[in-house]
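Visitor: Following this note's numbering, the numbering of the sequence shown begins with 50 at its first residue and continues without gaps.
I have a structure here, written as structure tokens, and I will follow up with some questions on it.
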Amino acid sequence: MEGKDLLEGKKILVVDDEPDILETLEDLLSMADVVKAQSFESAKAFLEGSKFDLAILDIMGVNGYELLSICNRKNIAAVMLTSHALTPENIMKSFKMGAASFIPKDRISDIPVFLNDVLDAKAQGKHVWSQWTARLGEAYWEKKFGHKWKDKEQKFWSDFHHKAK
Numbered sequence: 050m051e052g053k054d055l056l057e058g059k060k061i062l063v064v065d066d067e068p069d070i071l072e073t074l075e076d077l078l079s080m081a082d083v084v085k086a087q088s089f090e091s092a093k094a095f096l097e098g099s100k101f102d103l104a105i106l107d108i109m110g111v112n113g114y115e116l117l118s119i120c121n122r123k124n125i126a127a128v129m130l131t132s133h134a135l136t137p138e139n140i141m142k143s144f145k146m147g148a149a150s151f152i153p154k155d156r157i158s159d160i161p162v163f164l165n166d167v168l169d170a171k172a173q174g175k176h177v178w179s180q181w182t183a184r185l186g187e188a189y190w191e192k193k194f195g196h197k198w199k200d201k202e203q204k205f206w207s208d209f210h211h212k213a214k
């Protein structure tokens with residue numbers, strides 16, 4: 050995605066139990082209309098009472114997977130953002146549950162790029178995870194989990210790469 054910022058004017062719900070993360074996301078996404086929620090309850094109320102183009106959901110502390118289910122029902126593309134739940138199992142769970150992406154908090158400064166990738170993929174009829182592997186690269190995940198991190202779930206990762214083309 051070069052040129053136009055697809056986030057311009059989008060309404061984005063950001064949910065995290067850490068106030069500094071919410072402030073950082075609001076600053077990084079200044080081109081969009083950002084609504085912040087610091088708890089599951091407030092996020093659920095926002096989701097039930099407003100329309101959003103995207104949601105950024107922390108996994109831990111705010112019951113991110115239950116919020117993901119609500120986003121899916123409301124057809125809101127939701128991105129999982131995490132630090133403490135950064136595991137291969139949570140990547141797989143996020144993908145299987147319909148998250149639009151999975152972003153480690155140590156890459157939070159790249160969140161506009163990841164969100165633009167999701168919107169661009171949707172606009173082009175591609176899988177929303179199509180740019181995810183290229184953006185983070187195998188070296189990133191190998192550094193986090195070791196070079197055999199995919200061996201335990203080879204079928205899943207084979208299917209993942211086929212679907213996310």
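For every residue, glycine included, the Cβ atom is placed at its ideal position computed from N, Cα and C.
Just how far apart, CA to CA, sit residue 29 and residue 111?
Guide: Nothing in the structure corresponds to residue 29, since the chain is present only between 50 and 214.
Visitor: Return the CA-CA distance between residue 62 and residue 183, expressed in angstroms with no decimal places.
Guide: 25 Å
Visitor: Comparing alpha-carbon positions, which option in 128, 100, 141 lies nearest residue 113?
Guide: 128
Visitor: Are the Cβ atoms of residue 86 and residue 103 separated by less than 7 Å?
Guide: Cβ distance not < 7 Å, so residue 86 and residue 103 don't count as in contact.
Visitor: Could you pull out every residue in the same chain whose Cβ sits closer than 7 Å to the Cβ of residue 54, ignoring the five residues on either side in sequence?
Guide: 80, 165
Visitor: Measuring only the C-alpha atoms, how far is residue 50 from residue 68?
Guide: Legend: pLDDT at residue 50 = 42, less than 50; position of this residue unreliable, no value from coordinates given.
Visitor: Out of curiosity, what's the CA-to-CA distance linking residue 191 and residue 154?
Guide: 17 Å
Visitor: Given this structure, state the Cα-to-Cα distance separating residue 57 from residue 124, to the nearest angstrom.
Guide: 19 Å
Visitor: Quick one: what does DSSP say residue 95 is sitting in, helix, strand or coil?
Guide: helix
Visitor: Could you tell me the distance, in whole angstroms, from the CA atom of residue 169 to the CA atom of residue 208?
Guide: 22 Å
Visitor: Please go through the same chain and pick out, in chain order, the residues whose beta-carbon is closer than 7 Å to the beta-carbon of residue 198, but skip the five residues on each side of it.
Guide: 137, 190, 191
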